[in-house]
Amino acid sequence: MAVLDIGSNSVRLVVYERHARSLTPLYNEKSACALGRGIAQSGRLADENVAKAIDAIKRFALVAKMMRVGQVHILATSAVRDAANREEFVSAVEAIIEAPVRVLSGEQEAHYAALGVVAGIPGFEGVMGDLGGGSLELSAISGGRDGEGQSYELGVIRLQDDADGSPKKAAALVREKLATSLLAN
Numbered sequence: 157m158a159v160l161d162i163g164s165n166s167v168r169l170v171v172y173e174r175h176a177r178s179l180t181p182l183y184n185e186k187s188a189c190a191l192g193r194g195i196a197q198s199g200r201l202a203d204e205n206v207a208k209a210i211d212a213i214k215r216f217a218l219v220a221k222m223m224r225v226g227q228v229h230i231l232a233t234s235a236v237r238d239a240a241n242r243e244e245f246v247s248a249v250e251a252i253i254e255a256p257v258r259v260l261s262g263e264q265e266a267h268y269a270a271l272g273v274v275a276g277i278p279g280f281e282g283v284m285g286d287l288g289g290g291s292l293e294l295s296a297i298s299g300g301r302d303g304e305g306q307s308y309e310l311g312v313i314r315l316q317d318d319a320d321g322s323p324k325k326a327a328a329l330v331r332e333k334l335a336t337s338l339l340a341n
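Quick note on the working numbering: the sequence shown kicks off at 157 and runs consecutively.
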């Protein structure tokens with residue numbers, strides 16, 4: 157089994173071997189593609205970054221084939237979720253990997269990140285944050301379960317683009333977007 161994670165910063169393939177209940181990573185590689193760069197301004201995945209991602213995905217498809225991976229789960233996050241040309245990109249990925257792409261909502265992204273925290277740190281209580289290239293997800297964890305997740309357009313790539321590289325403007329944007337969050341306050 158493998159997971160292909162298509163994020164705003166990078167594309168990552170992790171191949172797992174399954175022993176009873178646990179999964180053991182056998183292969184883990186990522187490729188920096190910056191799919192989220194410029195999407196806040198143009199609304200589209202940039203052709204140059206799509207080409208980088210597609211090249212990486214072709215390579216990962218070959219790795220999965222050579223490793224005889226049975227099933228590849230493909231998850232896409234903020235950049236693909238927000239892109240006007242997402243269907244074109246998703247179709248290309250599905251043709252390469254021959255598996256469906258699941259584009260996660262921000263809330264689903266927060267939920268899966270919280271599950272990762274619970275799996276890695278049993279007994280964790282508090283607020284979990286997952287900062288990516290296109291978004292920030294927050295989720296409260298209590299009793300081994302997460303509450304309703306929240307997603308904000310505050311990823312590092314998006315914030316750099318929206319703030320024109322200005323740290324002061326970036327800080328103001330973060331304060332403004334998190335002002336209504338009960339988890340961030």
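C-beta atoms are modelled at their ideal positions from N, C-alpha and C, and glycine is treated no differently.
Compute the Euclidean distance between the alpha carbons of residue i and residue j, then round it to the nearest angstrom.
| i | j | result |
| --- | --- | --- |
| ALA111 | GLY282 | Only positions 157 to 341 of the chain appear in this structure, which leaves residue 111 out of reach. |
| GLY199 | GLY279 | 40 Å |
| ILE162 | GLY299 | 30 Å |
| ALA335 | MET223 | 47 Å |
Since residue i and residue j should fall inside the 8 Å C-beta cutoff, what is the C-beta to C-beta distance between them, to a whole number of angstroms?
| i | j | result |
| --- | --- | --- |
| VAL246 | VAL236 | 7 Å |
| VAL342 | ASN184 | Given a span of 157 to 341 for the chain in the structure shown, any question on residue 342 remains unanswerable. |
| ALA232 | VAL257 | 6 Å |
Give me whichever residues DSSP pairs with residue i in a beta bridge.
| i | result |
| --- | --- |
| MET284 | SER295 |
| ASP161 | ARG168, LEU231 |
| ARG193 | Bridge partners of ARG193: none, in fact. |
| HIS364 | The shown model of the chain, from 157 to 341, leaves out residue 364, and the question about it has no answer. |
| TYR183 | VAL171 |
| GLN306 | LEU294 |
Can you name, in chain order, every residue of its own chain whose Cβ lies under 8 Å from the Cβ of residue i, other than the five neighbours on each side?
| i | result |
| --- | --- |
| VAL330 | LEU310, LEU315 |
| LYS333 | TYR308, GLU309, LEU310 |
| SER322 | none |
Whose C-beta lies closer than 7 Å to the C-beta of residue i among residues of the same chain, with five residues either side of it excluded?
| i | result |
| --- | --- |
| ARG174 | MET157 |
| VAL273 | PHE280, MET284, ILE297 |
With a threshold of 6 Å on Cβ separation, who are the neighbours of residue i within its own chain once the five nearest residues in sequence on each side are excluded?
| i | result |
| --- | --- |
| GLY363 | The structure shown does not extend to residue 363, since the chain is modelled only from 157 through 341, so no value can be given for it. |
| ALA190 | ASN205 |
Could you tell me whether the segment 317–326 touches the segment 191–206, using the rule of 3 or more Cβ pairs below 8 Å?
-> Counting C-beta pairs closer than 8 Å gives three or more between the segment 317–326 and the segment 191–206, which meets the contact rule.
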